[in-house]
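Protein chains in written order, with the numbering used here: chain A, 1327 to 1439; chain B, 915 to 1026.
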């Protein structure tokens, strides 16, 4: 089975721009979660999507949004980028919603200048 | 909100020494998961513990879930250089079986 894939792997954007990141889960997995990882804040949960619906949301501003498509692929969008948004964005898929082992993708390294 | 605290933040050991990381929650957890992230890599699922007092082993790794389901530990016997990385515990965000809150991780370095 192919693992979780994320595109692009690296991105450089300037402040004020917006960015869209993509995640393709493991085949058969219907839950996709997004995390932000920074050296100072660790792994912070952004949101979880299951069956095209946002099921859980972390404590992030409204500039961070996401969606899930009928094939379970997910995208997250960050608008009006700030320097502090520079981070590794990780996507994780799982078979079930909620409590379930998660399989992480390689991440997208976003740098905001 | 619910917090999952992990200690120590860093651990440096000589190859062959044992290593333990501890995870503590302010509330009872329905389950706890452990992940390992190698330098430059992404977190990889290791195990999930569900039952009170549960102990599971994976070769040199021993995972425990406390009786009160508020704490957990990961113990590595006779560390090897391949054990290098950051070990995270993760517990559910809320009682509605939401996705997990990750601890800050323990970064293990092993000196050969």
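Note that beta-carbon positions come from the ideal geometry of N, C-alpha and C, so glycine has one too.
- Minimum Cα-Cα distance from residue 932 (chain B) among the listed residues B:995, B:920, B:965, B:968 corresponds to B:995.
- Contact annotation: residue 1392 (chain A) and residue 1400 (chain A) have beta-carbon atoms nearer than 8 Å.
- One finds nothing in chain B with a Cβ atom closer than 9 Å to the Cβ of residue 1386 (chain A); even the nearest lies about 13 Å away.
- No Cβ-Cβ contact shorter than 8 Å links residue 919 (chain B) with residue 999 (chain B).
- By the Cβ neighbour-count rule, residue 992 (chain B) is exposed, with fewer than 16 other Cβ atoms within 10 Å of its own.
- Rounded to the nearest whole angstrom, the C-alpha separation of residue 944 (chain B) and residue 936 (chain B) is 17 Å.
- Note on residue 1328 (chain A): under 16 other CB atoms within 10 angstroms of its CB, so exposed under the neighbour-count rule.
- Listed in chain order, the alpha helix (DSSP H) runs fully inside the segment 959-1026 of chain B amount to none, counting runs of at least 4 residues.
- Shown here, residue 1422 (chain A) sits in coil according to DSSP, grouped into three states, outside any helix or strand.
- Beyond the five residues adjoining it in sequence on each side, residue 1403 (chain A) comes within less than 6 Å, by CB distance, of 1346, 1391 in the same chain, given in chain order.
- In this structure residue 1415 (chain A) is buried. Its beta-carbon is surrounded by 16 or more other beta-carbon atoms within 10 angstroms.
- For chain A, the residues of the segment 924-949 of chain B that bring a beta carbon within less than 7 Å of one of its beta carbons are 944, 945, 947, in chain order.
- Listed by position along chain A, the residues whose Cβ is nearer than 9 Å to that of residue 953 (chain B) form an empty set, because the closest Cβ is around 12 Å away.
- CA-CA distance, residue 1002 (chain B) to residue 1340 (chain A), rounds to 32 Å.
- DSSP, reduced to helix, strand and coil, places residue 1433 (chain A) outside both helices and strands of the structure shown, so it counts as coil.
- Counting other Cβ atoms within 10 Å of its Cβ, residue 1410 (chain A) stays below 16 and is therefore classed as exposed.
- Looking at B:951, B:946, B:960, the one whose alpha-carbon comes closest to that of residue 1021 (chain B) is B:951.
- In this structure, residue 979 (chain B) and residue 948 (chain B) do not form a Cβ contact; the two beta carbons are roughly 10 Å apart against a cut-off of 8 Å.
- Three or more Cβ pairs closer than 8 Å define a contact, and the segment 1423-1436 of chain A meets that threshold against the segment 1357-1364 of chain A.
- DSSP, reduced to helix, strand and coil, places residue 1329 (chain A) outside both helices and strands of the structure shown, so it counts as coil.
- Linking residue 974 (chain B) to residue 990 (chain B) through their CA atoms gives a straight-line distance of about 6 Å.
- Counting only the Cα atoms, residue 1439 (chain A) lies some 37 Å from residue 1422 (chain A).
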